[in-house]
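Novice: Once you've had a glance at the structure underneath, I'll fire off some questions.
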Amino acid sequence: MKKNRLGVWVALGVGIGSAVGVAINNIGFGIGIGIVVGILIGFIFKDGNLNTVEDDEK
1 MKKNRLGVWV
11 ALGVGIGSAV
21 GVAINNIGFG
31 IGIGIVVGIL
41 IGFIFKDGNL
51 NTVEDDEK
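When we follow UniProt numbering, the leftmost residue of the sequence shown carries the number 1, and every step to the right adds one.
Below you can see the structure in the form of structure tokens.
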């Protein structure tokens, strides 16, 4: 069984987006971009090792 880490990527994207938002003085825009980027990264790596971990329980 695999656990999805999409939430981790979204949180990471929001964090990066917030920093970008502060830099361009538009934090709402930055957070919005961060959410979109995080979701995109999550879907891109959906089947890769970065996004899933093997569950010990079989």
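For glycine and all other residues, C-beta sits at the position ideal for the given N, C-alpha and C.
Between Phe29 and the rest of its own chain, which residues show a CB-CB distance below 7 Å, the 5 nearest in sequence each way excluded?
Specialist: One-based indexing of the sequence shown puts residue 29 at position 29. Closer than 7 Å at Cβ, skipping near neighbours: Gly21.
Novice: Hey, Ile35 and Trp9: beta-carbon distance below 7 Å or not?
Specialist: For the purposes of this step, residue 35 is taken as residue 35 along the sequence shown, with counting starting at 1. For the purposes of this step, residue 9 is taken as residue 9 along the sequence shown, with counting starting at 1. Not a contact, by the Cβ cut-off of 7 Å.
Novice: Apart from the five residues just before and just after Ala19, which ones in its own chain have a Cβ nearer than 8 Å to its Cβ?
Specialist: Here residue 19 corresponds to residue number 19 of the sequence shown, with the count starting at 1. Taken in chain order, the residues that qualify are Gly30.
Novice: Please classify Phe33 as buried or exposed, where buried requires at least 16 other C-beta atoms within 10 Å of its C-beta.
Specialist: Taking the first residue of the sequence shown as 1, we reach residue 33 at position 33. In the sequence on display, residue 33 carries Ile and not Phe. Answer is buried; the Cβ neighbour count reaches 16.
Novice: Tell me which same chain residues have a C-beta within less than 6 Å of the C-beta of Ile16, skipping the five on either side of it?
Specialist: Locating residue 16 in the sequence shown gives position 16, counting from the first residue. Excluding residues within five positions, the ones whose Cβ falls inside 6 Å are Gly34.
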